[in-house]
Every structure is written in C-alpha cells, then in structure tokens.
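The numbering of the sequence shown is this note's numbering, which starts it at 1276 and goes up by one.
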Amino acid sequence: MTRWRYAAATDTGYVRESNQDALFVDDALAIVADGMGGHAAGEVASAMTVETLYQGFVHQATLDAMVRSFDAANREVLSDAKTNPDRFGMGTTALCVALLDEPGAGRAPVLFHVGDSRAYQLRDGALKQLTQDHSVAEEWVRMGRLTPEEALVHPRRHQLTRAIGVDQPLEIDVQSLSVQVGDRVLLCSDGMSNELTPEQIATLAGADVGLDEAVQSLVQAAKNAGGRDNISAVLVEFDEVYETSVPINRVITPLPPAPPPADLVNALLPSRAKRQRRLVTWRTSGAVLVLAALAWGFVAIMHWYAYANFYISTDAGRVVIYQGQPGGVLWFKPQLSHLTRYTAKDFRPADQSAIAATINEPSKAAAIAYLTYLHGQYQLSIPTTTTTVPVTTTVATTVKKSAG
Ligand code: MN
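As structure tokens, then:
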C-alpha cells in the first residue's frame, strides 16, 4: 500500500486577470493543469481536464483507465473548441500522480504528464526534476540547439509541443515513481518553476514544516519573485510506500476507442457470408484504387518529362522549334512550337549540322534567342552581304575611337 498526506495552493499572481490553472488532490490522486487560451477558454480546458481525469480514476484506478481519461480529456477539449469559436485554440497541460491498483498487491504511484507543468521529487533536501517540459525551447535544449540559459529567455519557451486540446493522438509520458517514506513530490505550474530557482524550490518544499505551510510559502515566494503567471502547487509526502514490481517508464499513445463488439456487428449485418463478400469487394476496390493512383502518377510524370524540353530542328527546309523530347516519350509526340523565318542556309555550316542533329533548349524563348545569336554569327562571317554593313561600320568606329 502507498499512502500520502497532501496540501495544495494556487494564486492568480500579479499580472494575469484570471486564474486558468486548475488542481485537485486527495489521498490517491494529485493533478495540476495549466490552461491556456483567450477569455475564459484556458479555465474551461483545465477544469474540464481535471474533472475528466478525476472521473476516470474514480471509475477504475488502472493504467489503462488513466490513459483513456487523458485521451477523453483531449477529445473533449478539442470538440468543445470546435463547437465554441470563442474557445478556439484552448488547451491545457496535464500533470498527475495516481496511486494505481496492482492486482493482489498495493497501490503504486504513477506519474502522467503532457505540457510544461513540472513534477519534482525531494529526498533529504535534494531536488530531482521528474518531468521534461514539452516546450519548443526545452526540446531544443535536449537536442543541443540551445543552452539551458538561452532557453530561459527564448521567445518560444512558452510554446508547447504537447498539450491537451492541441492534437490527436496524444502522447503521454508515463513513469512509475520510485519513492521512500518521507519523500515529498511537488507538482507545479510554470508560474512557479519560471519564478523560482531549483535551489529555492528545494529549500521551501523540503522545509521542516507542515505541508500546508510549505506549499503556501512556495506560492508566496513565486509571487514575490514577480508573479507574472498563475501559480499552482500540489505537495504530497509519502507515509507508506509500496514499490511496484513492474515499473513503467515510456511514452504512451492512447489507442482509438474500441470498435463495437463482434456480436453487435454480426447482428447488424444480414449474414456472415455477405460480410465476407463485402470485405473482399472492399479489398479489391482498394487495390484497384491504389494501382490506378500509381498509374496516374506515372503518366503525369511522363507527360511532364515529355513536354519539359524544347529543341531546334528542321522541317521541309525551314528551321523550327519543337516542344517535346526528340523521338517522343511513350505516346507523347513532340509538337511544333514555333516556325522560324530561317532556313538552314541562314546559318554557318557547322551550325547547320548541329541543327540537323537537334539542339535542346529549356524553353521556346531560349531556343529563339540561341537561333538569333547563331544567325548573327553567320552574318558576321559573310562580310560582303549588305546586312553586315552596319555591323562593320560599328566595328570600324570602335576601332577608331580606341585608336584615338
Ligand atoms: Mn502557466
């Protein structure tokens, strides 16, 4: 058996207009939820979550039941936000220690956590943080992108990566607590952990005073340090401890709600044979859909590739620009894109052979520009042609200028 004594306190602080934190504690369950969202939305999310976790635990003090309650709270907050636009985007952290039933044995403490509320364990004055913050800045510290000091002032330190009401499915950190008689466990919102250093928390939470006095002094200290956010704390002290033989420490994602029992499904369907036939049909149409999608994708890529190119060639003596790949791709044949005013004879012999062998260009404009350039080169190579006269003049002028 595990038994604890408990105390709790919460305060709006000096800056916030309302207290959006919610908490609960009795002799088997302790919860802190730090709600966020405009107007009263944060309060709704945190209160809803505490209520749902409490109901789930009362119904059944098991790991499965708690995980299902977290999932239920998440769905409720999400759907409430959907039906009440003024509560759009509301969410809450959820931090909870529950004494869970172990068959034929005692009750053992298990910690559940999403968000940036924190749990600390105190033993003989030493403080140990039990939770990792699910915030962008703290995740970056764990990845080595920020130092812990940078994280304290980082603009994204309040942005949560996990919370109730943000996403589905939820990922919950779950861990068995390894406690001894006399240990204290503190659950608090970030309004406390942001204002106080771990040393201050250790001193105040571990003080040799009653739990009530300790928790009040913690909240008061966080207020004195600035009180820039709602401040909440639940403090428990273990009087008797049962340590589980099957400790757990992992991230749990709740399974989707169980489907209706097979009996009910059978009753709803006319016959088993029909159901099987339907299954086969669905599987077949599923496979056909996948194949069709693959084929469509292949054709789309081929079509893109076939017409992503332009090339210069000749057609009945005229120089032309085609869109497509020379020779075509599958059934995508090159298309005539532009009929130029040139014939093969408007180019130098070497360029004529290059054109006969086709010249690839990325666009029609590039192909035209290149042909204009080649034709210019051809004109320069024939000094007697009348069209070259102005060019020659220009060259002569330039030469004169540089000479003078
Ligand atoms: Mn907060």
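Ideal Cβ positions, reconstructed from N, Cα and C, are used throughout, including at glycine.
Top-ranked residue by Cα proximity to residue i, from the options
{"i": "D1442", "options": "T1615, A1347, L1569 and Y1329", "result": "A1347"}
{"i": "Y1597", "options": "E1636, L1427 and A1562", "result": "E1636"}
{"i": "L1304", "options": "Q1295, H1334, R1558 and G1592", "result": "H1334"}
{"i": "A1401", "options": "P1384, A1482, F1332 and L1374", "result": "A1482"}
{"i": "N1359", "options": "V1454, A1320, L1370 and V1511", "result": "A1320"}
{"i": "S1612", "options": "A1642, I1630, A1619 and G1592", "result": "A1642"}
{"i": "E1446", "options": "A1497, R1459, S1507 and A1369", "result": "A1369"}
{"i": "D1458", "options": "A1477, V1449, P1444 and G1440", "result": "A1477"}
{"i": "A1629", "options": "A1640, R1280 and L1649", "result": "L1649"}
{"i": "G1312", "options": "H1433, L1427, V1595 and C1463", "result": "H1433"}
{"i": "S1684", "options": "A1500, V1494, N1499 and G1501", "result": "The structure shown does not extend to residue 1684, since the chain is modelled only from 1276 through 1679, so no value can be given for it."}
{"i": "Q1627", "options": "K1639, V1594 and A1644", "result": "V1594"}
{"i": "L1328", "options": "I1634, L1646, T1647 and V1352", "result": "V1352"}
{"i": "W1279", "options": "P1384, G1366 and A1567", "result": "P1384"}
{"i": "L1614", "options": "I1634, V1563 and A1591", "result": "A1591"}
{"i": "R1343", "options": "Q1654, L1530, G1603 and I1634", "result": "L1530"}
{"i": "V1428", "options": "R1362, M1418, A1412 and A1282", "result": "A1412"}
{"i": "A1631", "options": "S1588, T1647 and I1657", "result": "S1588"}
{"i": "M1239", "options": "T1559, V1565 and L1605", "result": "This structure does not reach residue 1239, given that the chain is present from 1276 up to 1679, and the question cannot be answered."}
{"i": "A1315", "options": "A1356, E1326, A1336 and K1639", "result": "A1356"}
{"i": "N1584", "options": "K1620, G1603 and W1557", "result": "G1603"}
Secondary structure of residue i, DSSP reduced to three states
{"i": "M1311", "result": "strand"}
{"i": "G1366", "result": "strand"}
{"i": "E1413", "result": "helix"}
{"i": "H1613", "result": "strand"}
{"i": "V1372", "result": "strand"}
{"i": "K1608", "result": "coil"}
{"i": "L1328", "result": "helix"}
{"i": "T1406", "result": "coil"}
{"i": "A1575", "result": "helix"}
{"i": "T1478", "result": "helix"}
{"i": "L1566", "result": "helix"}
{"i": "R1291", "result": "coil"}
{"i": "D1302", "result": "coil"}
{"i": "T1668", "result": "With a pLDDT of 44 at T1668, under the threshold of 50, the modelled position of this residue cannot be trusted; read the value that follows with caution. Helix at T1668."}
{"i": "G1561", "result": "helix"}
{"i": "L1727", "result": "Given that the chain is displayed from residue 1276 to residue 1679, the structure contains no residue 1727 and the question cannot be resolved."}
Beta carbon of residue i nearer than 8 Å to that of residue j
{"i": "A1308", "j": "A1297", "result": "yes"}
{"i": "F1607", "j": "Y1586", "result": "no"}
{"i": "L1338", "j": "A1394", "result": "no"}
{"i": "S1410", "j": "L1374", "result": "no"}
{"i": "G1288", "j": "N1505", "result": "yes"}
{"i": "C1371", "j": "I1306", "result": "yes"}
{"i": "G1350", "j": "V1389", "result": "In the sequence under discussion, the amino acid at residue 1350 is Arg, which differs from the Gly named in the question. Cβ atoms of R1350 and V1389: not closer than 8 Å."}
{"i": "S1464", "j": "S1392", "result": "yes"}
{"i": "A1322", "j": "G1331", "result": "no"}
{"i": "V1416", "j": "A1282", "result": "no"}
Whole-Å CB distance - residue i paired with residue j, under 8 Å assumed
{"i": "Q1652", "j": "R1623", "result": "6 Å"}
{"i": "E1512", "j": "L1486", "result": "6 Å"}
{"i": "S1714", "j": "E1518", "result": "Nothing can be reported for residue 1714, as the shown portion of the chain is limited to 1276 through 1679."}
{"i": "L1479", "j": "A1500", "result": "About 11 Å separates the two Cβ atoms, so there is no contact after all."}
{"i": "F1345", "j": "F1387", "result": "6 Å"}
DSSP bridge partner residues for residue i (one or two, in chain order)
{"i": "V1594", "result": "T1589"}
{"i": "I1630", "result": "DSSP output for I1630 lists no bridge partner at all."}
{"i": "I1506", "result": "D1286"}
{"i": "S1451", "result": "V1385"}
{"i": "V1526", "result": "D1448"}
{"i": "V1511", "result": "Y1281 and V1460"}
{"i": "N1635", "result": "Y1586"}
Heavy atom of the ligand HEM within 7 Å of residue i beta-carbon
{"i": "N1294", "result": "Annotation note on the ligand HEM: not contained in the displayed structure, which lists the ligand MN as its ligands."}
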